[in-house]
Amino acid sequence: MLSKELLEILCCPKCHGDLLYEPEKNTLTCKKCGKVYQIKDNIPIMLVDDEPRSS
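Residue numbering for the sequence shown follows the numbering used here, beginning at 48 and increasing consecutively.
Now the structure itself:
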């Protein structure tokens with residue numbers, strides 16, 4: 048479970064929107080852009096994938 052203090056300072060790295068913590072799913076979901084970030088071993092994995100590039 049993530050601490051209240053941590054949840055207060057986290058924001059979406061993609062659009063800087065607020066995050067919705069869903070402890071039963073172990074996820075953080077951005078309220079603005081909808082990006083879902085997984086939480087593994089109580090660590091939010093907040094990496095933004097690069098858009099696919101055309102060859």
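Cβ coordinates follow ideal geometry from the N, Cα and C atoms, glycine included.
A quick note: this is a predicted structure, and the numbers were derived from the prediction, not measured.
Item, Value
"Helix, strand or coil for L54, going by three-state DSSP, please let me know.", "helix"
"Are the beta-carbon atoms belonging to C59 and K87 less than 8 Å from one another?", "no"
"Using the beta-carbon count (16 or more within 10 Å), is P70 buried or exposed?", "exposed"
"Residues in the same chain with beta-carbon distance under 8 Å from V95, minus the five sequence neighbours each way, listed in chain order, please.", "P60, K61 and K82"
"Residues in its own chain within less than 8 Å of L66 by CB, not counting five upstream and five downstream?", "L54, L57, C58, C59, L75, T76, C77, K78 and Y84"
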